[in-house]
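Trainee: For reference, the structure I am asking about is given below.
Protein chains: 2
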Amino acid sequence: MDRIPILKLGRFLLVTVQVDMHDRLAMNLQEDLTSRIVETHARGVLIDISALDVVDSFIGRMLGNIASMSRILDADTVVVGMRPAVAITLVELGLSLPGVRTALNVDKGMELLLTTLDHEQPGEVAELADAEASGERY
Amino acid sequence: MDRIPILKLGRFLLVTVQVDMHDRLAMNLQEDLTSRIVETHARGVLIDISALDVVDSFIGRMLGNIASMSRILDADTVVVGMRPAVAITLVELGLSLPGVRTALNVDKGMELLLTTLDHEQPGEVAELADAEASGERY
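Have a look at this one:
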């Protein structure tokens with residue numbers, strides 16, 4: 003496999019990382035994700051890493067890069083589903099994932115993204131929430 | 003990897019199949035998914051196969067089994083993201099995925115699940131939709 007699928011959930015994009023990241027895969031993910039943000043006008047990116055046993059400095063840097071790229075494209079990034087052991091290892095390695103927001107699971111991550119949007123544009127969110135629920139988007 | 007992550011999205015569960023299925027992985031997925039349906043009281047299961055180039059009779063049967071198991075546990079199953087080439091191959095192989103509902107993408111699949119729930123319990127859905135959007139669930 004050389005591409006990780008990116009799923010559109012209402013106004014957000016969801017990426018589930020299930021396999022070990024190598025250079026090519028990470029590059030493709032960055033390219034695909036930035037294209038999809040522009041294409042779908044996504045306002046947020048959720049990256050689920052619940053399947054990962056280990057997050058090393060390479061993946062840590064990649065997550066930071068994705069967050070920065072998305073921010074420039076006006077989309078927030080939330081990393082969700084981190085295992086307790088991964089959090090321990092990250093801190094022990096001195097990696098604190100600067101600039102990356104985290105949430106316990108996809109539901110909480112989506113809540114966080116909606117809250118952020120809410121603070122930005124109070125008017126837009128009720129509409130967004132309705133459309134999200136009914137699935138009437140795009 | 004011997005387990006595929008199962009993500010909870012409001013009242014639904016989402017499974018993204020990214021790797022080739024082998025016996026052990028399929029068995030684990032069935033076990034994990036049925037446990038999660040019971041545990042989270044999920045009313046629907048979305049299975050994304052957009053990463054799969056090929057769906058053979060083994061995967062076809064597994065999708066059918068998952069749909070049947072979920073149905074018994076009162077959850078609907080929708081397979082989403084099937085590639086055009088996969089649909090062609092399936093029909094050529096004489097596999098029409100009986101009992102499995104499909105949708106173009108996750109958004110459409112979720113819409114389908116919400117519509118089904120809507121027909122079942124008109125009262126519950128507005129509430130569900132609201133909670134889904136605001137993320138205030140469980």
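Line by line, the protein sequences give chains P and Y.
So that you can map any letter, position 95 of the first sequence is 97 in my numbering, and since no number is skipped, the others follow by simple counting.
So that you can map any letter, position 122 of the second sequence is 124 in my numbering, and since no number is skipped, the others follow by simple counting.
Backbone N, C-alpha and C fix where the C-beta goes; we use that ideal spot for every residue, glycine too.
(1) Below 7 Å between beta carbons is the criterion; list the residues of the segment 9-26 of chain Y that meet it against any residue of chain P, in chain order.
(2) Determine the extent of the alpha helix (DSSP H) in which P/ARG26 is found, giving its start and end residues.
(3) How is P/VAL81 classed by DSSP in three states: helix, strand or coil?
(4) Work out the CA separation of Y/ARG73 and P/ASN67 for me, nearest whole Å.
(5) Identify which residue in P/THR18, P/ARG5, P/PRO86 and P/LEU27 has its Cα closest to the Cα of P/VAL47.
(6) Within 10 angstroms of its Cβ, does Y/GLY83 collect 16 or more other Cβ (buried), or is it exposed?
(7) Would you kindly report the start and end of the unbroken alpha helix (DSSP H) that includes P/ASP120?
(8) How would you write the range of the alpha helix (DSSP H) that P/GLY101 sits in, first residue to last?
(9) My output table needs one value for P/VAL141: the three-state DSSP class, helix, strand or coil.
(10) How many angstroms separate the CA atom of P/GLU138 from the CA atom of Y/GLU113?
(11) Under a three-way DSSP split, which group does Y/GLY62 fall into?
(12) Please confirm if P/VAL47 has its CB atom under 7 Å from at least one CB of chain Y.
(13) Within a Cβ cutoff of 7 Å, which residues of the same chain sit near P/MET71, ignoring the five residues on either side of it in sequence?
(14) Whose CA, out of Y/LYS110, Y/LEU116 and Y/LEU97, lies closest to the CA of Y/VAL56?
(15) Check this for me: beta carbons of Y/THR79 and Y/ALA69, under 7 Å apart or not?
(16) Do P/ILE61 and P/ASP34 have their C-beta atoms within less than 7 Å of each other?
(17) Cα separation between Y/VAL102 and Y/MET23?
(18) Assign P/LEU92 to one of three DSSP states: helix, strand, or coil.
(19) Determine the direct distance from the alpha carbon of Y/LEU116 to that of Y/LEU99, and round the result to whole angstroms.
(20) Checking the sheet assignment: what are the DSSP bridge partners for P/SER11?
(21) Taking only beta-carbon atoms, is Y/ASP109 less than 7 Å away from chain P?
(22) At 7 Å on the CB atoms, spell out the chain P contacts of Y/SER52, in chain order.
(23) Can you check which of these residues, P/ASP120, P/GLY111, P/GLU94 and P/PRO86, is closest to P/LEU54 by C-alpha distance?
(24) Whole angstroms is fine: what's the gap from Y/ALA28's alpha carbon to Y/ASP76's?
(25) Helix, strand or coil for P/ILE51, going by three-state DSSP, please let me know.
Mentor: The short version:
(1) Those would be LEU9, LYS10, LEU11, GLY12, THR18, GLN20 and VAL21, in chain order.
(2) Sequence index remark: in the first sequence, residue 26 of chain P carries index 24 (1-based). Counting along the chain, P/ARG26 sits inside the alpha helix (DSSP H) bounded by residues 25-42.
(3) Your numbering for residue 81 of chain P matches position 79 in the first sequence. Assignment of P/VAL81 by DSSP, reduced to helix, strand and coil, places it in the strand class.
(4) The residue you call residue 67 of chain P lines up with position 65 of the first sequence. The residue you call residue 73 of chain Y lines up with position 71 of the second sequence. Inter-residue distance for P/ASN67 and Y/ARG73 is about 42 Å (C-alpha atoms, whole angstroms).
(5) Looking up residue 47 of chain P in the first sequence gives position 45. Of the listed residues, the one whose Cα sits closest to P/VAL47 is P/THR18.
(6) By 1-based counting over the second sequence, the position of residue 83 of chain Y is 81. Counting of Cβ neighbours within 10 angstroms places Y/GLY83 among the buried residues, the total reaching 16 or more.
(7) Position 118 of the first sequence, counted from the first residue, corresponds to residue 120 of chain P. Residues 108-122.
(8) As a working note, residue 101 of chain P is residue 99 in the first sequence. For P/GLY101, there is no enclosing alpha helix (DSSP H), as DSSP marks it with neither H nor E.
(9) Only positions 3 to 140 of chain P appear in the structure, and residue 141 of chain P is not among them; the question remains open.
(10) As a working note, residue 138 of chain P is residue 136 in the first sequence. As a working note, residue 113 of chain Y is residue 111 in the second sequence. The predicted position of P/GLU138 is uncertain, since its pLDDT is 49 and thus under 50; no value can be drawn from it.
(11) Within the second sequence, numbered from 1, the residue matching residue 62 of chain Y stands at position 60. Three-state result, Y/GLY62: helix.
(12) Position 45 of the first sequence, counted from the first residue, corresponds to residue 47 of chain P. False, the Cβ-Cβ gap to chain Y never drops below 7 Å.
(13) Taking the first sequence and counting its residues from 1, one reaches residue 71 of chain P at position 69. Hits under 7 Å: GLN32 and THR36.
(14) Taking the first residue of the second sequence as position 1, residue 56 of chain Y is located at position 54. Looking at the Cα atoms, Y/LEU97 is the closest of the given residues.
(15) Residue mapping note: residue 79 of chain Y aligns to position 77 of the second sequence, counting from 1. Residue mapping note: residue 69 of chain Y aligns to position 67 of the second sequence, counting from 1. With respect to Y/ALA69, Y/THR79 sits close: the two C-beta atoms are nearer than 7 Å.
(16) Residue mapping note: residue 61 of chain P aligns to position 59 of the first sequence, counting from 1. Residue mapping note: residue 34 of chain P aligns to position 32 of the first sequence, counting from 1. No, these two residues do not count as a Cβ contact at 7 Å.
(17) Start at 1 with the first residue of the second sequence, and residue 102 of chain Y comes out as number 100. Start at 1 with the first residue of the second sequence, and residue 23 of chain Y comes out as number 21. Cα to Cα, the separation comes out at about 18 Å.
(18) The residue given as residue 92 of chain P occupies position 90 in the first sequence. P/LEU92 falls in the helix class under three-state DSSP.
(19) The residue labelled residue 99 of chain Y in the question sits at position 97 within the second sequence. The residue labelled residue 116 of chain Y in the question sits at position 114 within the second sequence. Going by the C-alpha atoms only, they are around 22 Å apart.
(20) Here residue 11 of chain P refers to the residue found at position 9 when the first sequence is read from its first residue. Going by the sequence as given, residue 11 of chain P is Leu instead of Ser. Answer is P/PHE14, bridged to P/LEU11.
(21) As a position in the second sequence, residue 109 of chain Y is number 107, starting the count at 1. Closer than 7 Å to some Cβ of chain P, the Cβ of Y/ASP109 qualifies, so yes.
(22) On the second sequence, residue 52 of chain Y is found 50 positions in, with the first residue counted as 1. Contact note: Y/SER52 reaches chain P through PRO7, using a C-beta cutoff of 7 Å and chain order.
(23) Taking the first sequence and counting its residues from 1, the one referred to as residue 54 of chain P is at position 52. That would be P/PRO86, whose Cα lies nearest to the Cα of P/LEU54.
(24) To locate residue 28 of chain Y, count along the second sequence from 1; it is residue 26. To locate residue 76 of chain Y, count along the second sequence from 1; it is residue 74. Straight across, the Cα-Cα distance linking Y/ALA28 with Y/ASP76 is about 21 Å.
(25) If you number the first sequence from 1, residue 51 of chain P lands on position 49. P/ILE51 falls in the coil class under three-state DSSP.
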